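So the structure is just underneath, and the comments pick up after that.
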Amino acid sequence: MKFLLVAIVLMILGLTTAIDLSNPCPKKCNINKSLNPVCVQKDDGSQQTVPNESFVRCAKSCNKNWSVVHAGKC
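Under mature numbering (1 follows the signal peptide of the UniProt record, and there is no 0), the letters of the sequence shown match residues -18 to -1, 1 to 56, in that order.
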């Protein structure tokens, strides 16, 4: 019985660590997938290509301070 309890706890820990905690609202910003990619500068100064400008607006609503660098891929 003790073994079963330990197995369940380890399984729960494994599932919770798979969640991306760097994004406060995962999957919320994947609403509109139109193919007008834009290059954004992220909070840490790095650049990333995102699907479109509505994705950037959504990220800002999730407390991400991203800014559009230019249209197209980085």
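Here a beta-carbon is modelled for each residue, glycine too, at the ideal position from N, C-alpha and C.
The structure displayed is predicted, hence computed values, not measured ones.
Distances from the CA of D26 to each of E35, P33, N18, S49 were compared; the closest alpha carbon is that of S49.
Looking at the DSSP output, A53 sits in a beta bridge with V20. When the five nearest sequence neighbours on each side are left out, the beta carbons in the same chain lying within less than 7 Å of the beta carbon of K46 are those of D25, in order along the chain. In the DSSP assignment, K42 falls within the alpha helix (DSSP H) that extends over 35 to 43. In terms of CA proximity to L17, S36 leads the group Q23, S28, C40, S36.
It is roughly 17 Å from the alpha-carbon of K42 to the alpha-carbon of P19.
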